[in-house]
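Going letter by letter, the sequence shown gives residues 5 to 433 in this note's numbering.
Heads up, the beta-carbon is just placed ideally off N, CA and C, and yes, glycines get one too.
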Amino acid sequence: MKVRILATADVHLGRRPSRLGSAEAAARYSSARMWRSVVERAVELEVDLVVLAGDLVDHENRFFEATGPFEDGLLRLADARIPTYAVAGNHDFDVLPRIVDAVGSEHLHLLGRGGRWEEAIVARQGQPLLRIHGWSFPASTVTSSPIGEYPFAADDRLPTLGLLHADLDARISDYAPVSRAELRNRPVSVWILGHVHRPCWEPPSDGPALLYTGSPQAMDPGEEGPHGPWLVEIHGPRRIGARQLPISRVRYETIEIDMTGVEDRDHFDGGLLAAVGDSIAHLAGDHDQQLEQVSLRLVLCGRTPLSGSFDVITRPLIEQFERRIQGVTVRIDKIVNETLPVVDLAELSEKHDPTGVLARTLLALQAGEPAEEASRLVRAAQAQMAEVHNAPAYAALRGDPPPDAEDARRALIRQARLLLDALLTPERA
């Protein structure tokens, strides 16, 4: 019998997204609004249950701010006969149990209070559908793996969902460090995890499926890409699928823009607007998304005579740039100048300093028939590359042919250019 689950974590009720340009915009995209959107999507999809993998509430001092929206969502789910199963995370280890007790809904089940594993059976019309094993943070920090205390034996009669807020594959952590090997060795069909805000889905292979839901709404530039809850469908203990529902109305992205050939301010303005427009058109073209706000970080790269001027040219854009593109409001949060100046090697080669030496070396290496000194460099580099290629430590990786003189010449040119750029722009070295 198929089980449909709406899964999310790290809602952080009480928080608002940053870098949107105004307090009004941040309030418009609050985590409370996202929680309502998650609830409505669960009702629309007629899922069997909702699971919350911790950090539903941002902090202890958000009790009153979180209780109202949370209770409203639970009542909406209860009216639709959709139960909710949750565990507490490091942010809400104390406040979530108090909210659950204050709400007092029979449709909300907080599992694993006090750091003790707990089992719940989900049923539909009296027919058992799913077993859930959950563990909640008993304090704000937990430095050992909770999997070591996992008490349940294998039982193939029902698929099993493990619900946990944890730091995956962290050897040392204050936030319940667990390893994939530990999770793989437990009798679980799918693990649904919270704590990391970037989503990750690993289908079942030689062990259980694993889903880090990520945060349903992007909150800062460190949370790039699409965000939203996940629809998990379980057809059996090893037949499990999942897909993200990218309903976050806020998105943070980094765009790399090649400034090669840009020689004046008009050319720069036109190129930047075109690159931003193309990027937003691509994002807005994904009809599964409901984007309203995009905060961009731009990385300028390539070679241009304006390289040394971009820091001054771009400074006003961060404060003033706001465009409406295909229904999406776009702001620029940060511009990183990684461009390099245009280098005239012939002119530079006349200098009697390290940059002149490198320029002369590059000209010699780029010549059709390198001069004797450059040829010696090529032979020495080829010998070093061959030594590494033939080293026993890399025997298992040896699939490419041994490096020849052309490989060595190209490698020398790449490294010489990098060194020359570092000398010409020491602040970026």
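Residue i vs residue j beta-carbon contact at 8 angstroms
i	j	result
Val392	Val340	no
Arg307	Thr264	yes
Ala368	Ala375	yes
Ala158	Pro212	no
Pro203	Ile244	no
Val7	Leu134	yes
Trp205	Ala180	no
Val194	Leu162	no
Ser183	Asp171	no
Ser35	Leu17	yes
Ser252	Pro225	no
Leu115	Ser140	yes
Ala420	Leu344	no
Val91	Gly138	yes
Leu416	Thr359	no
Val51	Leu10	yes
Cα-Cα separation, residue i to residue j
i	j	result
Met389	Leu424	22 angstroms
Asp210	Pro101	36 angstroms
Ala426	Val104	58 angstroms
Leu235	Ala395	49 angstroms
Thr258	Lys338	9 angstroms
Arg269	Gln370	32 angstroms
Gly232	Gln294	10 angstroms
Met38	Phe314	38 angstroms
Ile86	Leu422	59 angstroms
Pro155	Ala288	47 angstroms
His286	Lys355	47 angstroms
Gly108	Tyr256	37 angstroms
Ala350	Glu410	23 angstroms
Gly275	Glu237	45 angstroms
Val200	Gly218	6 angstroms
Leu24	Arg301	12 angstroms
Per-residue DSSP class, three states only, for residue i
i	result
Val61	strand
Ile86	coil
Leu17	strand
Gly152	helix
Asp76	helix
Pro396	helix
Asp270	helix
Ile284	helix
Gly130	coil
Gln297	strand
Val340	strand
Ile136	strand
Glu50	coil
For residue i, the residue or residues it bridges with in DSSP
i	result
Glu260	Val303
Tyr179	Val146
Gly232	The partner list for Gly232 (beta bridge, DSSP) is empty, contrary to what the question assumes.
Gly198	His169
Gly245	Glu237
Trp205	Leu215
Residue i, buried or exposed, once every other Cβ within 10 Å from all chains shown has been counted against 16
i	result
Leu277	exposed
Met5	exposed
Tyr33	buried
Ile322	exposed
Asp14	buried
Ala145	Correcting the residue type first, residue 145 is Thr in the shown sequence and not Ala. Thr145 should be labelled exposed.
Val61	buried
Ala316	In the sequence as presented, Ala is not what sits at residue 316; that position holds Val. Counting Cβ neighbours within 10 Å, Val316 comes out exposed, since fewer than 16 surround it.
Thr147	exposed
His239	exposed
Ser26	exposed
Pro73	buried
Chain B contact for residue i (CB, 8 angstroms cutoff)
i	result
Arg117	Looking for chain B here will not work: only one protein chain is present.
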